[in-house]
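Line by line, the protein sequences are chains A and B. Reminder that position 101 of the first sequence reads as 101 in the numbering used here, one-by-one numbering, no gaps. Reminder that position 224 of the second sequence reads as 1224 in the numbering used here, one-by-one numbering, no gaps. The beta-carbon is built from N, C-alpha and C at its ideal position, and this holds for glycine as well. Read the structure below first, then the notes.
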Amino acid sequence: MRRYVVGRLLLMIPTLAGVAILTFVIMRAVPGDIVALQYAGSPVPQSVIDEQRHLLGLDKPMWTQFTDWMGQIAHFDLGQSLWTGHPVVEEIQIRLPLSIELAVLATLLAVTIAIPLGVLAAVRQDSWVDYLIRVFSIGGLAMPSFWIGIVMILTTITLFGWAPPLVFTPFTEDPIANLAQLILPAIAVGYRYSAVSMRMTRSTLLEVLREDYVRTARAKGVGERMVVVRHALRNALLPVITVVSLEFAFLIGGLVVTEQVFNLNGIGKLLVDAVAHRDYTLIQSLVLLLAAVFVLVNFVVDMVYVVLDPRIRYS
Amino acid sequence: MLKHRHIAALSVAFALLLAACSPKATGTGSLTPAPAGEQPHPGGTLTFIVNAEPPSFDGHRETTFALLHPIAPHYSTLYKFDPGDLTKVIPDVAAAMPEVSADKLSYNITLRTDVKFHDGSVMTSEDVVATYNKIIFPPTGVLSPRAGAYAAVESISAPAKDKVQFKLKYPSASFGTNLASPWNFIYSAAKLKTDIHWYEKNIDGTGPFTYVSNTKGQDWVGKKNPDYFAKDKSGVQLPYLDGYKALIITDATAEVNAVRSKQAMIEFRGFTPQQRDDLSRALPNDLAIQEAPWICVNYVVPNTKKKPFDDVRVRQALTLAIDRYAGSTALQKITIVKDVGGLMRPKGPFAQSDADLQKIAGFGTDAKANKDKAKQLLADAGVPNLTFKFLNRNITTPYEPVAVFVLDQWKQVGINATHDVKETSAYQADLRAGNFDVALDFNCDFLDEPDLQLAKFWSASGLGKGLNFAYYDDADLDKKIDAQSRETDPAKRLALVADIEKYAMDTKAYQYPVLWWYRIIPYLNVVRGWRIGSNHYTNQDLATVWLAQK
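Here it is, written out as structure tokens:
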């Protein structure tokens, strides 16, 4: 097991290196130039553009730019944003707490809704309860979270003249202000997220409930609640955990439109701005960060499998 | 399918419910910045929106309004535009208007002696000289995109602690006004001497507000500078506000929601007509609106390096086909364009009369005659069914509707142009590489000044390098632009500029405007003491802004 864990951890290095190379090449292949954008629409002479490209090192050969960047990464230095000149770490640090908190809130909300309702839909299959839950979950899948967000904002503004605060306040500083800003986006995102997890919980639980060992448990006279919760749900949760974990990883950097709608200063918005500005160092670092989150989450999920299902052994 | 219909029906019902809850429109609000006789009320914090993030904090090196709106309140300039009359230049840290020598080659400026930087040090002529040396004669590694605007300057010196002298190589018509450039923040000579890049990441000005904080991507906060040198006409210490908070909001819907929920009071760049109307409906009693022509314009730019756009007849046909007056009527309802004009802002100090403008190809009011002539020119050039790609950027306001209008106009004379919409960065790359047939370019300036508005018209391999995307070289036009720049007699200069307009838009038809932009600022009517101008760069130090008590 230890060998497996070490092997998996070491495998992360070439995976992330691959991501780094791919991102670097793709960004250089995409047309556009940060300096031209910086001075777009202004009568700025070409000499100034050339000077700025030189100062940013963009006139160096691509190979040199890549080795310079990889050299920095090897020293755990993500470099400086080409747009703001500030350290990339600083740019990320400002946005990461909000993105993590939103992801956690949305996940908590999704899991709290999805698992009980998914179980209920499975054990009451084809009853009116099942139909109602299915309508609720299909609604979540059909409506994009940003649209739900826009409707929620318009509703609160129209009815109460209130919209979520535009400035992030850390939970530790003022929990009420913090939740006032994040609860609506968490609901908007959590609803869609719960719909996916709910459907998954229902279908896997239905599958497990038809397994031989469940029939055996019932034949032995084990109570239905115990059969569902103790015997069936534990096994049914494995794919649900995978879905929930990957969604969580996605939420860290993937809430681009929702962040725009609620004006949240998160990682998704930072990434979109970086791409729009062709801020190569920031894009490369963010993609690397998000890839690292996915790789780590995958790793943790694999480890959780072992805890939940004693039949799984890694060697 | 049935479920989808149910969802759709529920959505429609919900939308109708929202519409029913929305207050009805009651007009466009007040155009008056402050009721007559009302006295400024000190105190309060102004919250406003900035819809982009400044790259650095250095006004000398950046060109975006996203720097000026949050950062200009920290700084003073030598001269500035009068907040009460934005066409007039008044002293800022200067004590009076410059004394100009008879040969117009020497500008002597006396400075105020009561100006202090936020760190407590006293501002002297040494600081002004260091500031202007950085702008006009930047050392290697220092960017100064506007250095060219001061090409006439030979030297800057400080004859005394409160005196600055600019010596020019030749008389310059625009030099005096350019001293009021909102970008020319006065910096500390000591700070620049220690590190010429210090101001890229730090703030220390002499302006009405001191720096408090900046959270990237979120906000910028300033507070009242108790040592600010200026007082109002009644002798009250400026600024009136206790402070300000600039909220960075990049999404247009979120901007409107911020004003609608009263979390932001104003956005100084401009909203669309629809956004204005939405806010008017939602806040009928709390909204004021100011509107003004804008020194921003979209140009149609044929690439003269590509066939058949190297043929002047084709270029003339392209401009003749556009009925700008019909465009104005239609587009002003949906986007931020309005006035028909030449290379100078319509109704501005350098604009031609309507009668003179209408003599220029494409600006006449007989649309049918213009289109017939365009068809004839295309036939003469051997391209009656001209086909090409029209490069544009993927920004809705106003680029997309303007381009759609132009494409339709061209279709009416047999031109089959494809709308080639690209993301801004890719669009810029194509413009700069000359990788396009015809493009929709744009320009914004802080001042009605031919030297600025004609910057894109210099020869592409000369002073127009990186600016002139029509890619022509024309020594005659260069001479004309240079001559107007040196002409200090206003009437003669006006005539020279009119001649350039005729030459560049008609005789050679190098590049030509579609419509000039129109600025619309809906804001909470508690904001007083701010007047809209013809640009979104000047009048942003907020010294005279105040908040009415309700």
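| Query | Result |
| --- | --- |
| Return the CA-CA distance between THR1397 (chain B) and THR1335 (chain B), expressed in angstroms with no decimal places. | 6 Å |
| If you follow the beta strand (DSSP E) that ILE1109 (chain B) is part of, which residue opens it and which one closes it? | 1106-1110 |
| Do you know how far the Cα of TYR213 (chain A) is from the Cα of VAL222 (chain A)? | 12 Å |
| Could you tell me whether any Cβ in chain B is nearer than 8 Å to the Cβ of TYR42 (chain A)? | Note that residue 42 (chain A) is Ser in the sequence shown here, rather than Tyr. For SER42 (chain A), the answer is yes, since a Cβ of chain B falls inside 8 Å of its Cβ. |
| On a CA-only basis, which of B:VAL1236, B:ALA1426, B:PRO1083 and B:LYS1373 is nearest ALA36 (chain A)? Give me that one, please. | B:ALA1426 |
| Secondary structure at ASP1372 (chain B), three-state DSSP: helix, strand or coil? | helix |
| Taking only beta-carbon positions, decide if TYR39 (chain A) is within less than 8 Å of chain B. | yes |
| For the candidate residues B:VAL1545, B:LEU1542 and B:THR1538, whose alpha-carbon lies nearest to that of LEU1179 (chain B)? | B:THR1538 |
| Tell me which residues share the same chain as PHE248 (chain A) and place their Cβ nearer than 7 Å to its Cβ, disregarding the 5 neighbours each side in the sequence. | ALA103, THR107 and VAL297 |
| Does the distance between the C-beta of ILE1136 (chain B) and the nearest non-hydrogen atom of the ligand FAD fall short of 7 Å? | The ligand FAD is not part of this structure, which contains no ligands at all. |
| Rounded to the nearest angstrom, what separates ALA74 (chain A) and GLY268 (chain A) at their Cα positions? | 25 Å |
| LYS1191 (chain B) by DSSP, collapsed to three states: which one? | helix |
| Taking all protein chains shown into account, decide if THR1331 (chain B) is buried (16 or more other Cβ within 10 angstroms of its Cβ) or exposed. | For the sequence presented, residue 1331 (chain B) should be read as Leu rather than Thr. Per the 10 Å Cβ criterion, buried. |
| Output yes or no for whether 8 Å exceeds the beta carbon distance between LEU132 (chain A) and LEU264 (chain A). | no |
| Looking at the C-beta of SER1425 (chain B), does it have a partner C-beta in chain A at a distance below 8 Å? | yes |
| Mind checking which residues open and close the beta strand (DSSP E) that includes TRP63 (chain A)? | From DSSP, TRP63 (chain A) is part of no beta strand (DSSP E) but of the alpha helix (DSSP H) over 62-74. |
| Quick one: using the 10 Å Cβ neighbour count with 16 as the cut-off for buried, is PHE1081 (chain B) buried or exposed? | buried |
| Using the rule of at least 16 other Cβ atoms within 10 Å of the residue's Cβ for burial, across every protein chain shown, is TYR1075 (chain B) buried or exposed? | buried |
| Measure from the C-beta of ALA276 (chain A) to each C-beta in chain B and report whether the shortest distance is under 8 Å. | yes |
| What is the residue span of the alpha helix (DSSP H) that ASN1133 (chain B) lies within? | 1125-1136 |
| If LYS1508 (chain B) sits next to VAL1312 (chain B), beta carbons under 8 Å apart, how far is it from one beta carbon to the other, in whole angstroms? | 6 Å |
| Can a CB atom of chain A be found closer than 8 Å to the CB of GLY1533 (chain B)? | no |
| Rank B:ARG1393, B:LEU1377 and B:ASP1430 by C-alpha distance to the C-alpha of GLN1316 (chain B) and give the top, closest one. | B:LEU1377 |
| Answer yes if the segment 1464-1481 of chain B comes into contact with the segment 1126-1137 of chain B, meaning at least three C-beta pairs across the two stretches below 8 Å, and no otherwise. | no |
| Is the CB-CB distance between PRO1522 (chain B) and LEU1318 (chain B) below 8 Å? | no |
| Starting from the Cα of GLN1165 (chain B), find the closest Cα among B:LYS1201, B:SER1101 and B:HIS1197 and give me that residue. | B:SER1101 |
| Would you mind working out which of B:ALA1495, B:SER1328, B:LYS1338 and B:LYS1375 sits nearest PHE1350 (chain B), comparing C-alpha positions? | B:ALA1495 |
| Going along chain B, which residues have a C-beta under 7 Å from GLY57 (chain A)? | None at all; the shortest Cβ gap to chain B is about 13 Å. |
| Identify whether ASP1119 (chain B) lies in helix, strand or coil by the three-state DSSP scheme. | coil |
| How far does the beta strand (DSSP E) with THR1206 (chain B) in it extend, from its first residue to its last? | Taken as a continuous stretch (DSSP letters only), THR1206 (chain B) belongs to no beta strand (DSSP E), as it is neither H nor E. |
| For GLN1263 (chain B) versus LEU166 (chain A), is the C-beta spacing smaller than 8 Å? | yes |
| In whole angstroms, what is the alpha-carbon distance linking ASP279 (chain A) and ARG95 (chain A)? | 17 Å |
| Do the segment 1219-1229 of chain B and the segment 1241-1255 of chain B meet, that is, are 3 or more Cβ pairs less than 8 Å apart? | yes |
| If we call anything under 8 Å between Cβ atoms a contact, is SER1125 (chain B) one with ASP1162 (chain B)? | yes |
| Say whether chain B places a C-beta atom closer than 8 Å to the C-beta of LYS269 (chain A). | yes |
| Inspect the beta-carbon positions of LEU1111 (chain B) and LEU1168 (chain B) and report whether they are closer than 8 Å. | no |
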